[in-house]
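First comes the structure, then the notes that go with it.
Residue numbers (this note's numbering): 1349 to 1406.
Set out below in structure tokens:
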């Protein structure tokens, strides 16, 4: 996510989004597919992330 931040997917399926410094807004939508690992099928979903701006602490 160049210019926006980094998205890391963990082994347990959770994720962490780390925006670049002073960035806020809507990140590009991520589309992903999951599988049960046993040829039982797959499912596709999307992830939308919005970072709300906050006032800088002085």
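All C-beta atoms, glycine included, are put in the ideal place defined by N, C-alpha and C.
* Could you tell me which of 1361, 1390 and 1368 sits nearest to residue 1351, measuring between CA atoms? => 1368
* Consult DSSP for residue 1348 and reduce its assignment to one of helix, strand or coil. => Lying before the first or after the last residue shown, residue 1348 is absent from the chain, which here runs from 1349 to 1406.
* Out of curiosity, what's the CA-to-CA distance linking residue 1400 and residue 1374? -> Those two C-alpha atoms are separated by around 9 angstroms.
* Measure the alpha-carbon distance for residue 1403 versus residue 1372 and round it to whole angstroms. => 11 angstroms
* Can you give me the Cβ contacts of residue 1358 inside the same chain, cut-off strictly under 8 angstroms, excluding the 5 residues immediately before and after it? => 1364, listed in sequence order.
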